[in-house]
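**Student:** Quick one: structure below, then a few questions.
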Amino acid sequence: MVFSSLLFLFLFLPLTLLLYACSPRKLKNLILFLMSLVFYAWGEPVYVALMLVSTVTDYAIGLLLERTGNSPGKRKLLLIGSVVVNLGVLGFFKYYAFLARSLEALTGISLPDWDPPLPIGISFYTFQTLSYTIDVYRREVAAQRSFIRFGCFVALFPQLIAGPIVRYREIEADLNRHRTIISRHLVEGSRLFLVGLGKKVLLANNIGALWDEIHAMPASELTAGTAWLGLVAFAMQIYFDFSGYSDMARGLGRMFGFQFPINFNYPYISQSITEFWRRWHMTLGSWFREYVYIPLGGNRVGRWKLFRNIFVVWLLTGLWHGASWNFVWWGLYFAIVLAAEKGFVLSWLRRVPRVIRHLYACTLILLGWVLFAVESPGAMGDYFCALIGLRGGGYDVQTLYGLTSYGGVLVLCVIGSLPVWKGIAMKMEGPVRRRLYDGAMAAACMAILLLSIAYLVDSTYNPFLYFRF
Amino acid sequence: MAALSGKLNKLYLGLLGLLFFGLGCSMLLLPAKPFSELENRYLAAFPAITWEGIRSGEFGRTMERYAADQFPLRDRWVTMKAWVEVSLNKKENNEVYAGKDGYLLQKLPEPSISLNQQMAYVRSFAEAVGIPVRFLLAPNSAEILSGKLPAYAPVSDQKAYIRQAYRLLWDAAGGVDVYETLRAHRDQSIYYRTDHHWTALGAYYAYQAYARQADLIPFAQDAFRIDKVSNTFYGTLSAKSKFRHVKPDEIDIWLPKETSYSHKVTHLDDGTELDSLYDWEKLNERDQYPVFLGGNHALTAIETSEAPDRTLLLIKDSYAHAMVPFLAQHYNKICMVDLRYLNMSMKQYAAEINADEVLILYNAATFGSDDQLVKLGW
Numbered sequence: 171m172v173f174s175s176l177l178f179l180f181l182f183l184p185l186t187l188l189l190y191a192c193s194p195r196k197l198k199n200l201i202l203f204l205m206s207l208v209f210y211a212w213g214e215p216v217y218v219a220l221m222l223v224s225t226v227t228d229y230a231i232g233l234l235l236e237r238t239g240n241s242p243g244k245r246k247l248l249l250i251g252s253v254v255v256n257l258g259v260l261g262f263f264k265y266y267a268f269l270a271r272s273l274e275a276l277t278g279i280s281l282p283d284w285d286p287p288l289p290i291g292i293s294f295y296t297f298q299t300l301s302y303t304i305d306v307y308r309r310e311v312a313a314q315r316s317f318i319r320f321g322c323f324v325a326l327f328p329q330l331i332a333g334p335i336v337r338y339r340e341i342e343a344d345l346n347r348h349r350t351i352i353s354r355h356l357v358e359g360s361r362l363f364l365v366g367l368g369k370k371v372l373l374a375n376n377i378g379a380l381w382d383e384i385h386a387m388p389a390s391e392l393t394a395g396t397a398w399l400g401l402v403a404f405a406m407q408i409y410f411d412f413s414g415y416s417d418m419a420r421g422l423g424r425m426f427g428f429q430f431p432i433n434f435n436y437p438y439i440s441q442s443i444t445e446f447w448r449r450w451h452m453t454l455g456s457w458f459r460e461y462v463y464i465p466l467g468g469n470r471v472g473r474w475k476l477f478r479n480i481f482v483v484w485l486l487t488g489l490w491h492g493a494s495w496n497f498v499w500w501g502l503y504f505a506i507v508l509a510a511e512k513g514f515v516l517s518w519l520r521r522v523p524r525v526i527r528h529l530y531a532c533t534l535i536l537l538g539w540v541l542f543a544v545e546s547p548g549a550m551g552d553y554f555c556a557l558i559g560l561r562g563g564g565y566d567v568q569t570l571y572g573l574t575s576y577g578g579v580l581v582l583c584v585i586g587s588l589p590v591w592k593g594i595a596m597k598m599e600g601p602v603r604r605r606l607y608d609g610a611m612a613a614a615c616m617a618i619l620l621l622s623i624a625y626l627v628d629s630t631y632n633p634f635l636y637f638r639f
Numbered sequence: 221m222a223a224l225s226g227k228l229n230k231l232y233l234g235l236l237g238l239l240f241f242g243l244g245c246s247m248l249l250l251p252a253k254p255f256s257e258l259e260n261r262y263l264a265a266f267p268a269i270t271w272e273g274i275r276s277g278e279f280g281r282t283m284e285r286y287a288a289d290q291f292p293l294r295d296r297w298v299t300m301k302a303w304v305e306v307s308l309n310k311k312e313n314n315e316v317y318a319g320k321d322g323y324l325l326q327k328l329p330e331p332s333i334s335l336n337q338q339m340a341y342v343r344s345f346a347e348a349v350g351i352p353v354r355f356l357l358a359p360n361s362a363e364i365l366s367g368k369l370p371a372y373a374p375v376s377d378q379k380a381y382i383r384q385a386y387r388l389l390w391d392a393a394g395g396v397d398v399y400e401t402l403r404a405h406r407d408q409s410i411y412y413r414t415d416h417h418w419t420a421l422g423a424y425y426a427y428q429a430y431a432r433q434a435d436l437i438p439f440a441q442d443a444f445r446i447d448k449v450s451n452t453f454y455g456t457l458s459a460k461s462k463f464r465h466v467k468p469d470e471i472d473i474w475l476p477k478e479t480s481y482s483h484k485v486t487h488l489d490d491g492t493e494l495d496s497l498y499d500w501e502k503l504n505e506r507d508q509y510p511v512f513l514g515g516n517h518a519l520t521a522i523e524t525s526e527a528p529d530r531t532l533l534l535i536k537d538s539y540a541h542a543m544v545p546f547l548a549q550h551y552n553k554i555c556m557v558d559l560r561y562l563n564m565s566m567k568q569y570a571a572e573i574n575a576d577e578v579l580i581l582y583n584a585a586t587f588g589s590d591d592q593l594v595k596l597g598w
């Protein structure tokens with residue numbers, strides 16, 4: 171099930187809220203856990219078992235770690251066990267086919283030809299449970315004694331399938347306290363949720379259609395104008411898609427009394443790539459920083475080790491996004507840029523006007539998206555050539571048609587990626603302004619909801635009109 | 221954050237709650253609609269709850285479809301979306317362009333079957349059947365009225381496609397070229413604004429071109445009385461795109477002034493009969509184009525008293541329906557065949573009905589992807 175479906179919005183969500191509100195305190199977490207399992211099983215009836223296995227394993231390991239407080243040997247073993255199970259599961263289901271193919275291409279050794287399907291959310295929940303066992307091992311959190319509460323941490327449907335990656339310590343307090351549905355949370359949560367829904371359904375899906383059209387054309391025939399237009403369209407699509415989902419997750423969490431971490435902080439206003447990665451998919455960044463970068467020494471090491479650390483983390487970041495070489499290149503691309511920035515670029519950037527910094531960052535971000543969005547190396551090369559105008563001239567009819575058709579949506583996207591509303595919200599102090607703000611938010615959210623319903627219904631509109639006859 | 225002002229937010233939450241619970245309940249509790257007239261398809265029914273269905277995910281998928289198909293006020297929501305698209309200056313929705321002068325134009329699809337292949341079927345039939353065969357490939361409105369396409373919209377080259385098709389006839393059959401004549405009259409209402417078919421006027425010009433090819437004397441325009449039978453026609457293109465800002469079409473029919481021909485139309489697949497070329501009841505349905513001959517049937521026989529004693533075998537798509545009223549005055553029997561619904565040899569059938577001539581009539585957009593032409597080779 172996905173958030174942006176009519177079934178979820180009008181059956182699952184109201185039902186869950188109702189059940190949660192009406193159930194006695196003791197059963198609230200159980201209800202959440204069970205409904206989350208239903209949510210997950212809806213799309214993947216079989217793989218819910220896999221997730222449960224991961225959950226049970228790490229729950230047990232967490233308790234055992236606590237019980238073996240005094241034997242470092244045993245603790246280490248337990249930790250390794252957890253890492254092996256989690257990464258093993260992730261590695262097999264997500265990366266087996268990729269690794270097998272690459273190994274064969276490189277060395278000719280051929281492994282059995284399995285192609286396991288990718289269980290939804292596996293990249294998220296394995297990282298979450300792993301963060302739990304590592305934190306318990308490090309004695310930074312107490313193990314969770316209640317299986318239901320732990321199950322909620324892992325499986326909570328708001329963040330289960332598309333993040334943000336929530337570390338246990340971030341919701342430990344919320345898990346353990348008694349939560350009820352209060353109207354303040356509903357208001358804040360619904361606002362966040364609806365904004366996210368709008369981002370996904372109204373902006374991402376829309377501008378994504380432009381990218382799909384341009385992507386469908388052979389890259390070797392694109393003019394520079396069309397190529398750049400397509401790239402901007404993709405950049406907007408992926409941002410609004412991903413940040414929309416994160417907003418929906420946070421909004422839903424809020425409604426049930428949880429405070430999930432923010433995952434996107436207007437990444438496209440960055441003035442450097444270093445800044446970009448502090449604003450994009452922030453929970454992944456902080457997970458890698460906490461569990462890979464810092465253990466490797468972080469930036470408190472010599473220059474070469476620093477570069478090594480950066481490369482390792484970005485290689486993994488790229489790989490996390492997908493089991494394909496273009497994601498690896500994407501990660502390494504940023505590794506190189508970040509190393510350069512740490513080396514000398516940042517100090518150079520400080521001396522240029524702000525506009526140049528924005529231009530620099532945006533260009534590098536967009537170029538990175540080529541690596542992300544175009545999978546085959548041949549098409550990738552063609553696309554880069556198109557961007558610098560090596561194929562067609564400046565622009566053509568295709569560019570103009572794209573611009574005139576999607577100009578409206580593009581403008582909305584650009585505005586949406588700027589912290590305009592946040593700036594306005596900051597100035598709304600005092601009772602009168604507060605009321606104005608609340609009214610405007612309410613109206614905007616209702617409008618977004620209605621429009622989103624329209625788009626969602628339309629996407630299933632499938633007339634069979636003897637059209638070809 | 222400071223405490224949120226009470227009343228306004230309670231109102232907001234109330235409205236939200238009403239919407240969410242209200243729509244959800246209607247979706248579940250209102251009786252399910254089995255068929256959508258607007259979309260011309262069967263809507264999903266509530267899935268059976270079986271263990272196997274749940275395990276395989278089929279139950280989940282069907283529930284999703286059910287929620288979407290049975291969503292209350294479906295039609296209104298789709299229209300809202302089309303309205304938003306128009307406001308955003310999008311000129312295209314669901315493969316239909318909103319063109320100038322209130323014209324909706326079909327986005328011409330790429331042919332999925334090679335033209336060489338299609339024409340090979342036509343040729344093989346024409347060579348084997350032994351009677352004169354003519355081939356008419358009609359251009360679509362997006363081609364002839366390309367000036368009405370939205371700015372910068374990509375145009376596909378149907379003219380070259382049609383030319384090539386005629387070239388590939390290799391004299392096995394006579395090609396009826398209607399392109400130039402339609403292009404010459406493009407400022408007249410030769411295509412519907414909201415439908416992908418040509419109007420009676422457009423079919424008339426094509427008929428004139430056909431008559432020249434077939435050595436017939438076409439009836440002049442003033443031999444007909446033009447009757448406007450509808451001004452509320454919203455055709456396939458408006459249904460597909462849901463663009464509601466266009467005016468509806470008018471349907472004109474051309475009735476011969478002079479002689480009182482009497483027609484009998486028999487649908488040989490279900491036995492229904494009409495005593496005229498027009499099925500007036502269709503004007504009460506959403507799609508009014510089937511007023512011409514009652515729409516698509518596998519096999520239709522059109523008998524016209526007072527017409528010369530010749531039999532025409534007409535292998536066609538729905539473009540032919542607008543043209544038959546003109547052809548009917550030259551053949552006392554026309555047998556109309558829709559290859560989709562028939563699995564018989566056309567050669568044999570032509571012999572069975574003692575056909576004197578054959579006309580193969582398609583519109584170019586359909587022709588490019590019609591996979592039934594292989595039957596011509598049987």
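Residue numbers (the numbering used here), protein chains in the order written: chain A, 171 to 639; chain B, 221 to 598. We treat Cβ as the ideally placed atom computed from N, Cα and C, and that holds for glycine. Everything numeric in this text was worked out from a predicted model, so none of it was measured.
How about residue 638(A): is its C-beta nearer than 7 Å to some C-beta of chain B?
**Tutor:** Residue placement at residue 638(A) is flagged as unreliable, the pLDDT there being 36, under the threshold of 50; the coordinate-derived value follows with that caveat. For residue 638(A), the answer is yes, since a Cβ of chain B falls inside 7 Å of its Cβ.
**Student:** In whole angstroms, what separates the C-alpha of residue 510(A) from that of residue 209(A)?
**Tutor:** A straight line joining the alpha-carbon of residue 510(A) with that of residue 209(A) spans about 44 Å.
**Student:** Suppose the cutoff is 6 Å on Cβ atoms and the five residues either side in sequence are ignored; what does the same chain contact list for residue 559(B) look like?
**Tutor:** 592, 595
**Student:** List the residues of chain A whose Cβ lies closer than 8 Å to the Cβ of residue 484(B), in chain order.
**Tutor:** Going along chain A, no residue has its Cβ under 8 Å from residue 484(B), so there is no contact; the nearest lies around 24 Å.
**Student:** Report the residue from 491(A), 564(A), 247(A), 529(A) whose alpha carbon sits nearest the alpha carbon of residue 288(A).
**Tutor:** 491(A)
**Student:** Relative to the C-alpha of residue 541(A), which candidate in 495(A), 581(A), 217(A), 576(A) has its C-alpha closest?
**Tutor:** 495(A)
**Student:** Could you name the residues of the same chain whose beta carbon sits closer than 6 Å to that of residue 517(B), not counting the 5 residues immediately before and after it, in chain order?
**Tutor:** If we look at residue 517(B) and ignore the five residues flanking it on each side, its Cβ neighbours are 487, 489.
**Student:** Under 9 Å, CB to CB, which of the residues in the segment 535–559 of chain B have a partner in chain A?
**Tutor:** The segment 535–559 of chain B vs chain A, Cβ under 9 Å: 537, 538, 558.
**Student:** Extract the residue ranges of the alpha helix (DSSP H) inside the segment 325–397 of chain B, only unbroken runs of 4 or more that lie entirely within it.
**Tutor:** 335–349, 361–364, 378–387
**Student:** Out of curiosity, what's the CA-to-CA distance linking residue 369(A) and residue 620(A)?
**Tutor:** 13 Å
**Student:** Please report the straight-line C-alpha distance between residue 368(B) and residue 578(B), rounded to a whole angstrom.
**Tutor:** 35 Å
**Student:** According to DSSP, is residue 237(B) helix, strand or coil?
**Tutor:** helix
**Student:** In chain order, what are the residue ranges of uninterrupted alpha helix (DSSP H) at least 4 long that sit wholly in the segment 228–293 of chain B?
**Tutor:** 271–276, 278–289
**Student:** In three-state DSSP terms, what is residue 460(A)?
**Tutor:** helix
**Student:** Which residues does DSSP list as the beta-bridge partners of residue 450(B)?
**Tutor:** Residue pairing of residue 450(B) in beta bridges, as defined by DSSP: 471(B).
**Student:** In the DSSP assignment, the beta strand (DSSP E) including residue 582(B) goes from what residue to what residue?
**Tutor:** 577–583
**Student:** Short of 8 Å in beta carbon distance, which residues of its chain neighbour residue 506(B), apart from the five on each side in sequence? Order them along the chain.
**Tutor:** 257, 258, 454, 459
**Student:** Does DSSP classify residue 403(B) as helix, strand or coil?
**Tutor:** helix
**Student:** Comparing alpha-carbon positions, which option in 557(A), 204(A), 178(A), 383(A) lies nearest residue 326(A)?
**Tutor:** 204(A)
**Student:** Mind checking the segment 233–250 of chain A against chain B and listing, in chain order, the residues whose C-beta falls within less than 8 Å of any C-beta there?
**Tutor:** none
**Student:** Please determine if the segment 372–392 of chain B and the segment 582–589 of chain A are in contact, where contact requires at least 3 C-beta pairs separated by less than 8 Å.
**Tutor:** no
**Student:** Mind checking the segment 374–404 of chain A against chain B and listing, in chain order, the residues whose C-beta falls within less than 9 Å of any C-beta there?
**Tutor:** 376
**Student:** Secondary structure at residue 444(B), three-state DSSP: helix, strand or coil?
**Tutor:** strand
**Student:** Pull up the DSSP beta-bridge partners for residue 557(B), would you.
**Tutor:** Under DSSP, the beta-bridge partners assigned to residue 557(B) are 519(B), 535(B).
**Student:** Considering just the uninterrupted stretch of the alpha helix (DSSP H) at residue 567(B), what are its terminal residues?
**Tutor:** 566–572
**Student:** Return the CA-CA distance between residue 362(A) and residue 516(A), expressed in angstroms with no decimal places.
**Tutor:** Take the alpha-carbon of residue 362(A) and the one of residue 516(A): they are about 34 Å apart.
**Student:** Please list, in chain order, the chain A residues whose beta carbon lies closer than 8 Å to that of residue 300(B).
**Tutor:** 620, 621, 624
**Student:** Tell me whether the beta-carbon of residue 319(A) lies closer than 7 Å to the beta-carbon of residue 240(A).
**Tutor:** no
**Student:** By how many angstroms is the C-alpha of residue 359(A) removed from the C-alpha of residue 223(B)?
**Tutor:** The predicted model places residue 223(B) with a pLDDT of 49, which falls under 50 and marks its position as unreliable; any figure quoted below should be read in that light. Roughly 15 Å between the two C-alpha positions.
**Student:** Spell out a yes or no on whether the segment 372–381 of chain A and the segment 402–409 of chain A are touching, meaning 3 or more CB-CB pairs, one atom from each, closer than 8 Å.
**Tutor:** yes
**Student:** By DSSP, does residue 426(A) sit in helix, in strand, or in coil?
**Tutor:** coil
**Student:** I'd like to know whether the C-beta of residue 495(A) is nearer than 7 Å to at least one C-beta of chain B.
**Tutor:** no
**Student:** For residue 579(A), return the contacting residues in chain B, with the cut-off set at a CB-CB distance below 7 Å.
**Tutor:** 308
**Student:** So with CB distances below 7 Å, who are the chain A contacts of residue 297(B)?
**Tutor:** 623, 624, 627, 628
**Student:** Please go through the same chain and pick out, in chain order, the residues whose beta-carbon is closer than 8 Å to the beta-carbon of residue 486(A), but skip the five residues on each side of it.
**Tutor:** Its chain contains 458, 462, 501 as the residues whose beta carbon lies nearer than 8 Å to that of residue 486(A), once the 5 sequence neighbours on both sides are disregarded; these appear in chain order.
**Student:** Please look up how many angstroms separate the CB atoms of residue 224(A) and residue 295(A), rounded, as I've assumed it's under 8 Å.
**Tutor:** 6 Å
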